[in-house]
Each structure stands twice: as structure tokens, then as C-alpha cells.
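In this note's numbering, the protein residues as written are 200 to 336.
Okay, here's the thing in C-alpha cells:
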């Protein structure tokens, strides 16, 4: 029952990421189209090529940033998932360690009780019964 909201959350996150990536690609295409129109002389304000040469590095940086951000986001998501998975593994290992230590303490306590029963000089049959009773508990 708790997995369904997580799936819906992931679906909405994937949809939002897809829309964001699509918008980034459209924005980059618009920048490229404007640059090509300005370079061809179709835009009136930028008929002077010196202004176009000043704007060119900014446009290339923006386009590079837009296209570099998409794989970066995917890498961040993958690394976050890996961190969560490693954290779960560490928690499981810690739980297993604590469980093993508790079982060890219980066995040591039982062994101590058996030694005490044997050292008290009880008869063999009584000691055997005590040993069986202690080990069964």
C-alpha cells in the first residue's frame, strides 16, 4: 500500500523531468534559430555582425549548459538511488550484526546455566534433565 504513492510520486517526477527536458530542448532550438536568423541577416536589430559576434559566446554557453544539464540530472538521480540502496544494505547488515550478537548472548547465558548445573554436583539424570530443559528454552 505504501509503494503506490511512491510510484505515483516517481511518475509525476518523471513527467516533470520530461517536460523540463523538452522545454530545454525547445529553448535551445529557439536560440539556434535566432542565431541562424541573425547570422543570415534576417533580424533587423542585429544586422551589424559585431554585435552578433559579442552575443555568440553567450548563446553557445547557454546551449551547452542546457544540453549538459539533462545528463547531469540523470546522473544525480542514479547516484541518489545508489546512495539509498547502499544505506539500506548498511542498515540490513547492522541489524543482522545486532541479531547475531543477541543470539550469541542468549547461547552464552544458556551455556553458563549448563555449567552451573553441572558444577553443583547434581546427579547425572537430574543434570541431563536440567540440560535438556535449559537447551529447549
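Glycine residues also receive a C-beta, built at the ideal position from the N, C-alpha and C atoms.
None of these values were measured; they are calculated from a predicted model.
Given that a residue counts as buried once 16 or more other Cβ atoms are within 10 Å of its Cβ, and exposed if not, what is residue i?
i, result
"residue 280", "exposed"
"residue 237", "buried"
Taking the alpha carbon of residue i as the point to measure from, which residue in the options has its own alpha carbon closest?
i, options, result
"residue 255", "266, 276, 231", "231"
"residue 261", "227, 272, 221, 233", "227"
"residue 270", "210, 211, 219", "219"
"residue 233", "214, 285, 259, 212", "259"
Specify the secondary structure class of residue i as computed by DSSP and reduced to three states.
i, result
"residue 242", "coil"
"residue 217", "helix"
"residue 203", "With a pLDDT of only 47 at residue 203, under 50, the local geometry of the prediction cannot be trusted, and the value read off the model is given with reservation. The answer is helix: DSSP assigns residue 203 an H, G or I state."
How big is the Cα-Cα spacing for residue i and residue j?
i, j, result
"residue 170", "residue 217", "The structure shown does not extend to residue 170, since the chain is modelled only from 200 through 336, so no value can be given for it."
"residue 276", "residue 315", "59 Å"
"residue 308", "residue 299", "14 Å"
"residue 229", "residue 267", "17 Å"
"residue 253", "residue 274", "33 Å"
"residue 311", "residue 297", "21 Å"
"residue 340", "residue 303", "Shown here, the chain extends from 200 to 336; a query on residue 340 therefore has no answer."
"residue 282", "residue 289", "10 Å"
"residue 313", "residue 210", "59 Å"
"residue 200", "residue 317", "With a pLDDT of 40 at residue 200, under the threshold of 50, the predicted position of this residue should be treated as unreliable, and no value is reported."
"residue 284", "residue 294", "15 Å"
Complete runs of the beta strand (DSSP E) confined to the segment 290-326 [at least 3 residues] = none
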